[in-house]
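Colleague: Heads up: the sequence shown is residues -38 to -1, 1 to 640, going by mature numbering (1 follows the signal peptide of the UniProt record, and there is no 0).
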Amino acid sequence: MILTNRFTNLIKKCKYHLNRSSLLTGLMFALVLVNAHAQQLRPKGIIEDGMHYSKVFRENRHFRLILPADYHRHPERRYPVIYYFHGNAGRYNGPEEGEVSRSGEARYYDDFNGNFERCGPDSLDNFASYVADNDVIIAKWDGYVPAQYPRPYDIAPVKEDRQFADYFPEFVQYVDSHYRTKAYREARAVSGLSMGGFMSMLIASKYPHLLSSASFFCPSASFTVGPKALQVYTPFKEMGRNFVGLPIRMHLGSKDFLRQHDQEIDQAYKTLELNYESWHYGIGYFRGFHNAVNIKGQFDFHMKYFRMPLARPEKWHHIDLYPSFSVWNYDVSTNRDIPGFTVLDDVRKEGFSLQTRKWLPDGPAVPNLSVQITTDSIYPANTLFELIQLDVPVRKTFRTSVRSDRKGRIQWQGTGQHSNIGLYRAGDPGHITMAAYTLDWKMPGIGDIVSISPLLFNKGGAAVDSVRMELIAQDEDVEVMDPAISVGKLGQGALHEKTAFRIRSRHAGLDRAKLKLLVSYNGRKDLFLLEVPFYSPEATLSHFEIADGRPVNLEVEGKTQVGEGNGNGIANPGEWISIFTRSELDSLHDFGLQLYTEDPYIATDDRQMRYFARNDWSGAQRLTSQVRIRPDCPDGHEIAFYGTYEYPKNGNTRRDSHGAHSFIRETKRVSLIVKVKK
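Put into structure tokens, the structure is as follows:
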């Protein structure tokens, strides 16, 4: 009866089009509808809902699996798994058939609801249909959190301290032990939409060693996440190098309200050494709006890397917001009790680099920190090694002997300050790394010639006769005036920082120049990434307010006290101040600036960052600097600041019926003068 009614509805639609147009057009439309109907009749994936007890959450958690149609008929077969994370207002099981859902995933939930007009050209391309054509399991966890729903995953802000990042390995273990999966890294992938896309980025960046690929449908680009007491603003634009060795793919909609945030990620990731691809869709797919469109293209990406997985990278990088973590079989433990990030760089058998940040990308180091790192089992067991450590800020090295344990692991202990560590045995060759780089201009602008001096460090076991460095710009607006330079012999344990490359920006809108440094020696080549910030103000900011313990009017939080001082709006010695201004499109709210200065009376090492919500549903925050004026600052001293702030900007409302124009923003780059009075 149900099938008859569906076919009758198809015929009615055919008759409607026959009356309105030519016979040929009507017949073609009928064929399309019949074909679509036939696709609906084919076997689909088996939908199984389940529940298991989570030790992480200490409660039962729901999930849904979509299994191949013949899963139960072939008990000898095992399958790869795509773990899918739903977005805001979603659940593991989606809406009932025909039910209107608040979630953008309504058109792709497991039971097709028959709404052809809403679904667009790929109307049957949902999860169950995909599994019908591919030997894969799709696993969907439940992001439901009582205190936050319809916002899932207990993020931004964290209220109940439910860490889904901790839950993911447990969920994988449960699925692997109760279903016929291929229970290894090369047969797992993660994907998600919107907030689920952010979770896919978070999980993939934290556990690249558990996955073969990851994808994101219109993801939220940043959120405040982490343990409740240590939650921190996490912008994935700054964390792309976590994905070295892990293929990733992103879908971006032309009218998605998150498109500008995702475009920033897209542009940033294309300058990194990643296996990254993006797919931009327009009005042909759900009118370009925020949604999980082209499931087939996204999941085919995962199937490709199930068939041809990448090997573990020889060199990798990692940024983690949790105080202690494990990645690629390295265990990192810290006593950090404030929000921040641990940054591992250039990790390989020859050693690694470690530093910490209070915020990304350029926050100061976390003070008073103890760090312990235990390496992977990549060294001969019970063997003596020489460890050479460079304390990068002071350019000093020291040596000690360490012994690998019976599993071939080596332990290192240090602080959160920037350190570069080398490990070698007698007879090992030299190993050159770029430990850091310095600029002769702290705040260069357009047209200024900037000299970059890479700090080379030979942390291997022998001298190197010669080193060749080649600097490559990744932006056509950056001119490299010294493309290649050769350096003479570099002894074992030696540092070299005397060689400089000259560059300049040819475009006032350039924010950060991204470059590659290719280092060649002894038949080896190694690549390092550099970023040079440019400070080219578009205008002088004349109308602004100084927050020194006085309230400002924010677009989400409302009246909020910012800064520390007497609250009179005048910069005084010893006060903590922030700068706020207003937009010509919004005269009711104050917008905070990120501030930069070379003034000696600003305590740059003590600077802080305040985070205020944006009224655009994106999860992004307004970053506002809070700086301290030194108590010995003289009366009448003028502090020159460079600042950036974001403000609303009207879009093309005639083209954008989705409402995304309301969230278009623009970054203002300004200069300003603050006069200090006692």
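Glycine included, every Cβ here is placed at the ideal spot set by N, Cα and C.
Nearest-angstrom Cα distance between V107 and L214?
Modeller: To locate residue 107, count along the sequence shown from 1; it is residue 145. To locate residue 214, count along the sequence shown from 1; it is residue 252. The straight-line gap from Cα to Cα measures roughly 27 Å.
Colleague: In the DSSP assignment, find the unbroken alpha helix (DSSP H) run with P131 in it and report its ends.
Modeller: Position 169 of the sequence shown, counted from the first residue, corresponds to residue 131. It spans F126 to H140 - the alpha helix (DSSP H) in which P131 sits, taken as one unbroken run.
Colleague: Can you list, in chain order, the stretches of the alpha helix (DSSP H) that have 4 or more residues and sit fully within the region 204 to 269?
Modeller: 221 to 231 and 257 to 269
Colleague: If you follow the alpha helix (DSSP H) that K168 is in, where does it begin and where does it stop?
Modeller: By one-based count along the sequence shown, residue 168 stands at place 206. It spans M157 to K168 - the alpha helix (DSSP H) in which K168 sits, taken as one unbroken run.
Colleague: Contact check, E507 vs F574 under 8 Å by CB: the rounded distance?
Modeller: Numbered from its first residue, the sequence shown carries residue 507 at position 545. Numbered from its first residue, the sequence shown carries residue 574 at position 612. The pair is not a contact, with the Cβ atoms about 15 Å apart (cut-off 8 Å).
Colleague: Could you name each continuous beta strand (DSSP E) segment of 3 residues or more that falls completely within the region 500 to 562, going from the start of the chain to the end?
Modeller: 507 to 509, 512 to 516, 520 to 524, 538 to 545, 548 to 554 and 556 to 558
Colleague: What are the boundary residues of the alpha helix (DSSP H) that A435 is part of?
Modeller: Taking the first residue of the sequence shown as position 1, residue 435 is located at position 473. No alpha helix (DSSP H) holds A435; the beta strand (DSSP E) holding it covers V429 to A435.
Colleague: For E628, which of helix, strand or coil comes out of DSSP?
Modeller: What you label residue 628 is simply residue 666 of the sequence shown in a count that begins at 1. DSSP places E628 in strand when its eight states are reduced to three.
Colleague: What distance in whole Å lies between the Cβ atoms of T318 and V328, which are believed to be in contact at a cut-off of 8 Å?
Modeller: Indexing the sequence shown from 1 puts residue 328 at position 366. Indexing the sequence shown from 1 puts residue 318 at position 356. Sure, about 4 Å apart at Cβ, within 8 Å.
Colleague: Which whole-angstrom value is the C-beta distance of S175 and I210, which I expect to be below 8 Å?
Modeller: Locating residue 175 in the sequence shown gives position 213, where the first residue counts as 1. Locating residue 210 in the sequence shown gives position 248, where the first residue counts as 1. In this structure, S175 and I210 form a Cβ contact; the two beta carbons are roughly 7 Å apart against a cut-off of 8 Å.
Colleague: Going by CA-CA distance only, name the one from Y54, G598, W278 and N55 that's closest to L234.
Modeller: Indexing the sequence shown from 1 puts residue 234 at position 272. Residue W278 is the option with its Cα nearest to L234.
Colleague: Measure how close the beta-carbons of G581 and F133 come, nearest whole angstrom, since I'm counting them as under 8 Å.
Modeller: Mapped onto the sequence shown, residue 581 falls at position 619. Mapped onto the sequence shown, residue 133 falls at position 171. Not really, about 23 Å apart at Cβ, beyond 8 Å.
Colleague: In whole angstroms, give me the CA-to-CA distance for L220 and H252.
Modeller: Numbered from its first residue, the sequence shown carries residue 220 at position 258. Numbered from its first residue, the sequence shown carries residue 252 at position 290. For L220 and H252, the distance between alpha carbons rounds to 8 Å.
Colleague: Which class does A51 belong to by DSSP, given the choice of helix, strand or coil?
Modeller: The residue given as residue 51 occupies position 89 in the sequence shown. Three-state result, A51: coil.
Colleague: To the nearest angstrom, how far is the alpha carbon of L634 from that of A509?
Modeller: On the sequence shown, residue 634 is found 672 positions in, with the first residue counted as 1. On the sequence shown, residue 509 is found 547 positions in, with the first residue counted as 1. Straight-line Cα distance between these residues: approximately 15 Å.
Colleague: Within 10 angstroms of the Cβ of V98, are there 16 or more other Cβ atoms? Answer buried if so, exposed if not.
Modeller: Taking the sequence shown and counting its residues from 1, one reaches residue 98 at position 136. Burial call: buried.
Colleague: Locate the beta strand (DSSP E) running through S175, then write down its first and last residues.
Modeller: Numbered from 1 along the sequence shown, position 213 holds the residue referred to as residue 175. From DSSP, the beta strand (DSSP E) with S175 extends over S175 to F179.
Colleague: For L547, does the count of other Cβ atoms within 10 angstroms reach 16, so buried, or fall short, so exposed?
Modeller: Numbered from its first residue, the sequence shown carries residue 547 at position 585. With fewer than 16 other Cβ atoms within 10 Å, it is exposed.
Colleague: Could you give the first and the last residue of the continuous alpha helix (DSSP H) run that contains S95?
Modeller: As a first step, residue 95 must be located in the sequence shown, where it is residue number 133. The displayed chain sequence assigns Asp, not Ser, to residue 95. That run of the alpha helix (DSSP H) goes F89 to D95.
Colleague: With distances taken between CB atoms, is the gap from S467 to V440 smaller than 8 Å?
Modeller: Taking the first residue of the sequence shown as 1, we reach residue 467 at position 505. Taking the first residue of the sequence shown as 1, we reach residue 440 at position 478. Yes. Within cutoff.
Colleague: Hey, how far is the Cα of Q436 from the Cα of Q229?
Modeller: In the sequence shown, residue 436 corresponds to position 474, counting from 1. In the sequence shown, residue 229 corresponds to position 267, counting from 1. Each residue's Cα considered, the two are about 11 Å apart.
Colleague: Taking G485 as the reference, which of T502, H393 and K460 has the closest Cα?
Modeller: Mapped onto the sequence shown, residue 485 falls at position 523. When T502, H393 and K460 are compared, the shortest CA-CA separation from G485 is found for H393.
Colleague: Would R142 pass as a contact of Y41 if the rule is Cβ separation under 8 Å?
Modeller: Working through the sequence shown from its first residue, we reach residue 142 at position 180. Working through the sequence shown from its first residue, we reach residue 41 at position 79. Yes; because the gap between Cβ atoms is below 8 Å, this pair is in contact.
Colleague: So, are the CB atoms of residue 645 and Y399 less than 8 Å apart?
Modeller: Missing from the structure shown is residue 645; the chain here goes from -38 to 640 and no further.
Colleague: Which same chain residues, not among the five before or five after D84, have their C-beta less than 8 Å away from its C-beta?
Modeller: The count along the sequence shown starts at 1 and reaches residue 84 at position 122. Note that D84 scores 47 on pLDDT, short of 50, meaning its location in the model is unreliable; the coordinates nonetheless yield the value given after this. Contacts found: Y247, V255, N256, I257 and K258.
Colleague: Can you give me the Cβ contacts of E200 inside the same chain, cut-off strictly under 7 Å, excluding the 5 residues immediately before and after it?
Modeller: Residue 200 sits at position 238 when you count from the first residue of the sequence shown. Answer for E200: L322 and P323, listed in chain order.
Colleague: Only counting runs of 3 or more residues, tell me where the beta strand (DSSP E) segments fall wholly within the region 462 to 507, in order along the chain.
Modeller: 463 to 467, 474 to 483 and 486 to 495
Colleague: For V(-7), count neighbouring Cβ atoms within 10 angstroms of its own Cβ and tell me buried if that reaches 16, exposed if not.
Modeller: Translated into the one-based positions of the sequence shown, residue -7 becomes position 32. Because the pLDDT of V(-7) is 45, which lies under 50, any placement of that residue in the model is unreliable, and the question is left without a value.
Colleague: If you draw a straight line from the alpha carbon of T502 to that of Y604, how long is it in whole angstroms?
Modeller: Along the sequence shown, read from residue 1 onward, the residue named residue 502 stands at position 540. Along the sequence shown, read from residue 1 onward, the residue named residue 604 stands at position 642. The alpha-carbon atoms of T502 and Y604 are separated by roughly 9 Å.
Colleague: Alpha carbon to alpha carbon, what distance is there between G7 and S(-18)?
Modeller: Counted from its first residue, the sequence shown places residue -18 at position 21. Counted from its first residue, the sequence shown places residue 7 at position 45. Note that S(-18) has pLDDT 43, beneath the 50 cutoff, so the model's placement of it is unreliable and no number is given.
Colleague: Run the proximity test for W290: is its beta-carbon closer than 7 Å to any non-hydrogen atom belonging to the ligand SAM?
Modeller: Ligands in the displayed structure: none, and consequently the ligand SAM is not present.
Colleague: Thinking C-beta only, is S545 closer than 8 Å to P596?
Modeller: Translated into positions along the sequence shown, residue 596 becomes position 634. Translated into positions along the sequence shown, residue 545 becomes position 583. If you check the CB distance, P596 and S545 do not come in under 8 Å.
Colleague: Between R113, V43 and E526, which has its C-alpha nearest V93's C-alpha?
Modeller: Residue numbering aside, residue 93 sits at position 131 when the sequence shown is read from its first letter. Closest option to V93, Cα to Cα, is V43.
Colleague: Starting from the Cα of P342, find the closest Cα among I350, V333, K369 and L316 and give me that residue.
Modeller: As a position in the sequence shown, residue 342 is number 380, starting the count at 1. Nearest of I350, V333, K369 and L316 to P342, Cα basis: K369.
Colleague: Measure the Cβ-Cβ separation of V638 and A533 and say whether it is below 8 Å.
Modeller: Locating residue 638 in the sequence shown gives position 676, where the first residue counts as 1. Locating residue 533 in the sequence shown gives position 571, where the first residue counts as 1. Yes, they are a contact pair.
Colleague: Using CA coordinates, which residue listed in R39, L236, P189 and R147 is at the minimum distance from L491?
Modeller: In the sequence shown, counting from the first residue as 1, residue 491 sits at position 529. Ranking the options by Cα distance to L491, first place goes to L236.
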